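The structure appears below as C-alpha coordinates.
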Amino acid sequence: APGAAPRVAPVTRLEMLAWNPVKTSAVLIRRDVDERFTAGRRYTEDYELWLRVVLGGRAACLVRHHLIAPQVPDAEASGLTSHRWAMTRGEWETFALVHRDGLASHVEYAAALGLSGLRAARRHGLVALAALRRRAGR
(Lines of atoms letter the chains of each structure in order from A and count residues from 1; the text may use other names and numbers.)
(Lines give C-alpha, C1' and ligand atoms only; values in the text may rest on other atoms or scores of the structure.)
Protein backbone atom coordinates (compact mmCIF):
# COMPACT_ATOMS: atom_id res chain seq x y z
CA ALA A 1 0.00 0.00 0.00
CA PRO A 2 1.27 3.51 -0.75
CA GLY A 3 2.89 5.08 2.27
CA ALA A 4 3.34 1.73 4.02
CA ALA A 5 6.69 1.07 5.66
CA PRO A 6 8.90 -1.18 3.53
CA ARG A 7 9.38 -4.73 4.78
CA VAL A 8 12.96 -5.52 5.77
CA ALA A 9 13.99 -9.17 5.96
CA PRO A 10 17.29 -10.94 6.59
CA VAL A 11 18.95 -12.65 3.64
CA THR A 12 19.55 -16.34 4.32
CA ARG A 13 22.32 -18.65 3.11
CA LEU A 14 19.77 -20.68 1.20
CA GLU A 15 18.34 -17.62 -0.53
CA MET A 16 21.79 -16.39 -1.55
CA LEU A 17 22.81 -19.79 -2.92
CA ALA A 18 19.51 -20.26 -4.77
CA TRP A 19 19.67 -16.94 -6.65
CA ASN A 20 21.08 -13.44 -6.40
CA PRO A 21 18.37 -11.26 -4.82
CA VAL A 22 20.68 -8.25 -4.52
CA LYS A 23 20.58 -5.30 -6.93
CA THR A 24 24.09 -3.85 -6.74
CA SER A 25 22.94 -0.33 -7.53
CA ALA A 26 20.85 -0.32 -4.35
CA VAL A 27 23.40 -1.63 -1.83
CA LEU A 28 24.53 0.06 1.35
CA ILE A 29 27.41 -1.73 3.07
CA ARG A 30 29.15 -0.99 6.35
CA ARG A 31 32.75 0.22 6.26
CA ASP A 32 33.84 -2.49 8.66
CA VAL A 33 32.96 -5.25 6.19
CA ASP A 34 36.34 -6.52 4.97
CA GLU A 35 35.10 -8.32 1.86
CA ARG A 36 35.65 -6.53 -1.44
CA PHE A 37 35.13 -7.25 -5.13
CA THR A 38 37.68 -9.78 -6.42
CA ALA A 39 40.05 -8.12 -8.89
CA GLY A 40 39.81 -9.41 -12.42
CA ARG A 41 36.40 -11.06 -12.08
CA ARG A 42 33.73 -10.36 -14.70
CA TYR A 43 29.99 -10.89 -14.94
CA THR A 44 29.26 -12.14 -11.39
CA GLU A 45 31.76 -10.27 -9.23
CA ASP A 46 28.90 -8.63 -7.35
CA TYR A 47 27.22 -11.99 -6.61
CA GLU A 48 30.55 -13.37 -5.36
CA LEU A 49 30.88 -10.43 -2.95
CA TRP A 50 27.35 -10.85 -1.58
CA LEU A 51 27.89 -14.62 -1.18
CA ARG A 52 31.15 -14.02 0.70
CA VAL A 53 29.44 -11.52 3.01
CA VAL A 54 26.42 -13.71 3.81
CA LEU A 55 28.14 -17.13 3.77
CA GLY A 56 30.93 -15.64 5.88
CA GLY A 57 28.43 -15.00 8.65
CA ARG A 58 27.74 -11.28 8.26
CA ALA A 59 24.17 -10.16 8.71
CA ALA A 60 22.54 -8.86 5.56
CA CYS A 61 19.01 -7.60 4.98
CA LEU A 62 16.89 -6.78 1.96
CA VAL A 63 14.32 -4.04 1.79
CA ARG A 64 11.55 -5.95 0.07
CA HIS A 65 9.98 -2.89 -1.45
CA HIS A 66 10.68 -1.26 -4.80
CA LEU A 67 12.38 2.04 -4.07
CA ILE A 68 13.22 2.76 -7.70
CA ALA A 69 11.94 1.73 -11.12
CA PRO A 70 14.69 0.33 -13.35
CA GLN A 71 15.00 2.07 -16.71
CA VAL A 72 15.93 -1.13 -18.60
CA PRO A 73 13.84 -4.26 -18.00
CA ASP A 74 15.88 -7.11 -16.45
CA ALA A 75 14.83 -9.53 -19.21
CA GLU A 76 15.95 -7.27 -22.05
CA ALA A 77 18.77 -8.82 -24.06
CA SER A 78 21.11 -5.86 -23.85
CA GLY A 79 24.14 -5.03 -21.80
CA LEU A 80 25.47 -7.85 -19.65
CA THR A 81 22.31 -9.93 -19.92
CA SER A 82 23.06 -10.40 -23.61
CA HIS A 83 26.13 -12.40 -22.50
CA ARG A 84 24.02 -15.23 -21.09
CA TRP A 85 26.59 -18.04 -21.34
CA ALA A 86 29.37 -15.91 -19.87
CA MET A 87 27.07 -14.92 -16.99
CA THR A 88 26.17 -18.58 -16.39
CA ARG A 89 29.84 -19.64 -16.42
CA GLY A 90 30.67 -16.75 -14.10
CA GLU A 91 27.98 -17.89 -11.67
CA TRP A 92 29.37 -21.44 -11.69
CA GLU A 93 32.90 -20.10 -11.11
CA THR A 94 31.56 -18.05 -8.20
CA PHE A 95 30.04 -21.14 -6.58
CA ALA A 96 33.34 -23.00 -7.08
CA LEU A 97 35.30 -20.16 -5.44
CA VAL A 98 33.11 -19.90 -2.33
CA HIS A 99 33.11 -23.71 -2.04
CA ARG A 100 36.90 -23.86 -2.44
CA ASP A 101 37.28 -21.24 0.28
CA GLY A 102 35.13 -23.27 2.70
CA LEU A 103 32.15 -20.91 2.70
CA ALA A 104 29.74 -23.43 1.12
CA SER A 105 29.46 -27.14 1.90
CA HIS A 106 29.56 -29.86 -0.77
CA VAL A 107 25.76 -30.14 -0.58
CA GLU A 108 25.26 -26.36 -0.85
CA TYR A 109 27.68 -26.23 -3.79
CA ALA A 110 25.92 -29.06 -5.65
CA ALA A 111 22.46 -27.58 -4.97
CA ALA A 112 23.55 -24.11 -6.11
CA LEU A 113 25.01 -25.53 -9.34
CA GLY A 114 21.85 -27.55 -9.98
CA LEU A 115 19.53 -24.59 -9.47
CA SER A 116 21.77 -22.37 -11.57
CA GLY A 117 21.75 -24.94 -14.35
CA LEU A 118 17.96 -25.12 -14.30
CA ARG A 119 17.67 -21.32 -14.42
CA ALA A 120 20.18 -21.16 -17.27
CA ALA A 121 18.33 -23.82 -19.27
CA ARG A 122 15.06 -21.94 -18.79
CA ARG A 123 16.62 -18.58 -19.69
CA HIS A 124 18.36 -19.91 -22.80
CA GLY A 125 15.23 -21.80 -23.85
CA LEU A 126 13.05 -18.71 -23.56
CA VAL A 127 15.48 -16.67 -25.64
CA ALA A 128 15.59 -19.39 -28.32
CA LEU A 129 11.79 -19.61 -28.35
CA ALA A 130 11.49 -15.83 -28.72
CA ALA A 131 13.93 -15.93 -31.66
CA LEU A 132 11.89 -18.68 -33.34
CA ARG A 133 8.71 -16.68 -32.86
CA ARG A 134 10.31 -13.57 -34.36
CA ARG A 135 11.48 -15.55 -37.41
CA ALA A 136 8.05 -17.15 -37.86
CA GLY A 137 6.40 -13.72 -37.73
CA ARG A 138 8.43 -12.40 -40.67
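The numbering of the sequence shown is my numbering, which starts it at 1 and goes up by one.
Yeah, the Cβ is synthetic: ideal placement off N, Cα and C, and Gly gets one too.
It should be emphasised that the depicted structure is a prediction, and the values quoted were computed from it without experimental measurement.
Straight-line measurement puts the Cα of residue 32 at about 20 Å from the Cα of residue 12. Between residue 57 and the set 129, 103, 108, 95, the nearest pair of CA atoms involves 103. Counting the other CB atoms within 10 Å of its CB gives residue 85 a total below 16, which places it among the exposed residues.
Here residue 47 is near residue 94, since their CB atoms are less than 7 Å apart.
Residue 100 has its alpha-carbon roughly 29 Å from the corresponding atom of residue 26.
Following the DSSP letters along the chain, one finds residue 53 inside the alpha helix (DSSP H) bounded by residues 45–55.
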